[in-house]
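Numbering (this note's numbering), first residue to last: 87 to 464. Have a look at the structure below before the remarks.
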């Protein structure tokens, strides 16, 4: 396991939050969940290490110093006029707790350097860690550092969160993506057992965060299980089934009630299967792509808009290109397609905002939201 550097005094680096901005942004974000149209639709480009880069730090700084990473995200959100809460996401949650060796990289997000499972027998030997082991584990310590810092230094931006981006992909990281896909065709029972153990670990992670901070937002989704790799039936068996288990049990452990489902990658036909996952009155549902194109907001609204606030996508690939007008035009199209959705609309990007995204492109997202998503002007 790569050593974690010393804690940076992140609170001393940035100016205090603007309270007037935060009050306004807080009312704006609450609009879809309260039925009150305030200001404009919100913009959440799923920002991670981009916030560190535009603040003069590195991708490595973001992940190895969660206090600094969280502070960068909060400051960048205010600077761009985005969502009012601060989130810090770790790219490989809970795999270290199940024996994988996670290595930090200077110019990239962390990677699994050594898998915890070398063969099928290793799946049976895998043990789900208990709450104490989770709290003292690699991921647990990083998440606690980030949440403690936000709670202490920017409490108005603090929303407790439990984060497991992908149950299927998390299990796959333990044995390797290629092996996992091969085993899914030849040894399905072992693959399902692997996902099940990772899911139980994620449930313990949710309970840990809920016990420590109170009701915690559940952020999850389906990344590896998408139509570029798996059939609809496979997505149902290897993702939807475990999402149901994870969210239901996490809710009963005290996490939630806000839910964020992020379907990353191509969900051209499998998206309808996700009607079977649990929904709460505070659910946000997001899908990245339909084939090679961004997932249309109008389709998202038709399928999920009666049950959730939908989050439309702008293609992450164009966020690194020097053409803000292209970003603006696509954002306009997506906003118009989804802004009348019954339970509200948020504008986002198809996946994580690229670390090297151009600030002018982020501003283009916000400008489109002002021009075509201001309540009372359409």
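Note that CB positions come from ideal geometry on N, CA and C, so glycine has one too. A quick note: this is a predicted structure, and the numbers were derived from the prediction, not measured.
Sort out for me which residues DSSP pairs residue 307 with in a bridge.
Numbered from 1 along the chain shown, position 221 holds the residue referred to as residue 307. Answer is 348, bridged to residue 307.
Pick from 348, 384, 155 that is closest to residue 235, judged by C-alpha positions
Start at 1 with the first residue of the chain shown, and residue 235 comes out as number 149. Residue 235 has its Cα closest to that of 155, out of 348, 384, 155.
Residue ranges of each alpha helix (DSSP H) run of no fewer than 4 residues wholly in the segment 410-452, ordered along the chain?
410-424
Who pairs with residue 248 in a beta bridge, going by DSSP?
If you number the chain shown from 1, residue 248 lands on position 162. Per DSSP, 304.
Return the chain-ordered ranges of every alpha helix (DSSP H) run that is complete within the segment 329-396 and spans a minimum of 4 residues.
383-390
When the Cα of residue 366 is compared with those of 358, 360, 394, which residue comes out closest?
Start at 1 with the first residue of the chain shown, and residue 366 comes out as number 280. The shortest C-alpha separation from residue 366 is found at 394.
What three-state label does DSSP hand residue 455 in the structure shown?
Locating residue 455 in the chain shown gives position 369, counting from the first residue. Helix, per DSSP.
Considering only the beta carbon of each residue, do residue 386 and residue 364 sit closer than 8 Å?
Here residue 386 is taken as the residue at index 300 of the chain shown, counted from 1. Here residue 364 is taken as the residue at index 278 of the chain shown, counted from 1. Taking 8 Å as the Cβ cut-off, residue 386 and residue 364 do not qualify as a contacting pair.
Unbroken stretches of the alpha helix (DSSP H), 4 residues or longer, contained in the segment 125-206
136-139, 145-150, 152-166
Could you tell me the boundaries of the alpha helix (DSSP H) in which residue 242 lies?
Within the chain shown, the letter at position 156 stands for residue 242. Looking at the DSSP string, residue 242 is not in any alpha helix (DSSP H), and its letter there is neither H nor E.
Looking only at C-alpha atoms, which of 238, 267, 291 sits nearest to residue 280?
In the chain shown, counting from the first residue as 1, residue 280 sits at position 194. Selected option, being the one with the closest Cα: 267.
Would you check if the distance between the CB atom of residue 179 and the CB atom of residue 250 is smaller than 8 Å?
Translated into positions along the chain shown, residue 179 becomes position 93. Translated into positions along the chain shown, residue 250 becomes position 164. Yes, Cβ-Cβ distance for residue 179 and residue 250 is below 8 Å.
Check whether the Cβ atoms of residue 202 and residue 253 sit closer than 8 Å, and answer yes or no.
Taking the first residue of the chain shown as 1, we reach residue 202 at position 116. Taking the first residue of the chain shown as 1, we reach residue 253 at position 167. Result no, Cβ atoms of residue 202 and residue 253 do not sit closer than 8 Å.
Just curious, the alpha helix (DSSP H) that residue 297 is in, first and last residue?
On the chain shown, residue 297 is found 211 positions in, with the first residue counted as 1. Looking at the DSSP string, the run of the alpha helix (DSSP H) that includes residue 297 is 274-299.
Should residue 102 go down as buried or exposed, given a rule of 16 or more other Cβ atoms within 10 Å for buried?
Indexing the chain shown from 1 puts residue 102 at position 16. When all chains shown are included, residue 102 counts as exposed.
Per DSSP, what kind of secondary structure is residue 400 in: helix, strand or coil?
Mapped onto the chain shown, residue 400 falls at position 314. Three-state DSSP puts residue 400 in a strand.
Identify whether residue 463 lies in helix, strand or coil by the three-state DSSP scheme.
As a first step, residue 463 is located in the chain shown; it is residue number 377 there, counting from the start. Looking at residue 463 - three-state DSSP - the assignment turns out to be coil, as it is neither helix nor strand.
In whole angstroms, what is the alpha-carbon distance linking residue 343 and residue 406?
Here residue 343 corresponds to residue number 257 of the chain shown, with the count starting at 1. Here residue 406 corresponds to residue number 320 of the chain shown, with the count starting at 1. About 34 Å.
Boundaries (first-last residue) of the alpha helix (DSSP H) holding residue 122
Along the chain shown, one-based indexing puts residue 122 at 36. That residue, residue 122, is in no alpha helix (DSSP H); it is neither H nor E in DSSP.
Relative to the C-alpha of residue 443, which candidate in 246, 135, 314 has its C-alpha closest?
Looking up residue 443 in the chain shown gives position 357. Measuring from the Cα of residue 443, the nearest candidate turns out to be 135.
Helix, strand or coil at residue 217 according to DSSP, with G and I counted as helix
Here the question's residue 217 lines up with position 131 in the chain shown. Three-state result, residue 217: helix.
Are the CB atoms of residue 300 and residue 220 nearer to each other than 8 Å?
Locating residue 300 in the chain shown gives position 214, where the first residue counts as 1. Locating residue 220 in the chain shown gives position 134, where the first residue counts as 1. No. Outside cutoff.
Residue span of the alpha helix (DSSP H) that contains residue 258, given as start and end
In the chain shown, residue 258 corresponds to position 172, counting from 1. Per DSSP, residue 258 belongs to the alpha helix (DSSP H) from 253-261.
Determine the DSSP secondary structure at residue 407, reduced to helix, strand or coil.
Position 321 of the chain shown holds residue 407. Reduced to three states, the DSSP call for residue 407 is coil.
Measure the CB-CB distance between residue 334 and residue 321 and report whether it falls below 8 Å.
Residue numbering aside, residue 334 sits at position 248 when the chain shown is read from its first letter. Residue numbering aside, residue 321 sits at position 235 when the chain shown is read from its first letter. No, Cβ-Cβ distance for residue 334 and residue 321 is not below 8 Å.
Look at the alpha carbon of residue 287 and the alpha carbon of residue 461, and state the distance between them as a whole number of angstroms.
Working through the chain shown from its first residue, we reach residue 287 at position 201. Working through the chain shown from its first residue, we reach residue 461 at position 375. Whole-angstrom Cα-Cα distance: 42 Å.
What does the alpha-carbon distance come out to for the pair residue 432 and residue 360?
Position 346 of the chain shown holds residue 432. Position 274 of the chain shown holds residue 360. Distance between the alpha carbons of residue 432 and residue 360 is about 19 Å.
Pick helix, strand or coil for residue 314, following the three-state DSSP scheme.
Here residue 314 is taken as the residue at index 228 of the chain shown, counted from 1. DSSP places residue 314 in coil when its eight states are reduced to three.
Secondary structure at residue 95, three-state DSSP: helix, strand or coil?
Here residue 95 refers to the residue found at position 9 when the chain shown is read from its first residue. Of the three classes helix, strand and coil, the one that applies to residue 95 here is coil, per DSSP.
Could you check the C-alpha separation between residue 128 and residue 455 for me, to the nearest Å?
One-based indexing of the chain shown puts residue 128 at position 42. One-based indexing of the chain shown puts residue 455 at position 369. Using only the alpha carbons, I get a separation of about 7 Å.
Comparing alpha-carbon positions, which option in 242, 237, 119, 175 lies nearest residue 106?
Start at 1 with the first residue of the chain shown, and residue 106 comes out as number 20. With distances taken between Cα atoms, residue 106 lies closest to 242.
Does the distance from the CB of residue 232 to the CB of residue 153 come in under 8 Å?
If you number the chain shown from 1, residue 232 lands on position 146. If you number the chain shown from 1, residue 153 lands on position 67. Yes, the pair counts as a contact, with Cβ atoms nearer than the cut-off.
Is there contact between the segment 344-357 and the segment 368-376, where contact requires at least three CB pairs shorter than 8 Å?
yes
Take every Cβ of the segment 192-210, pair it with every Cβ of the segment 171-178, and state whether three or more of those distances are shorter than 8 Å.
yes
With residue 246 and residue 295 assumed to form a contact (beta carbons below 8 Å), what rounded beta-carbon distance in angstroms separates them?
Taking the first residue of the chain shown as position 1, residue 246 is located at position 160. Taking the first residue of the chain shown as position 1, residue 295 is located at position 209. Right, their Cβ atoms sit about 6 Å apart.
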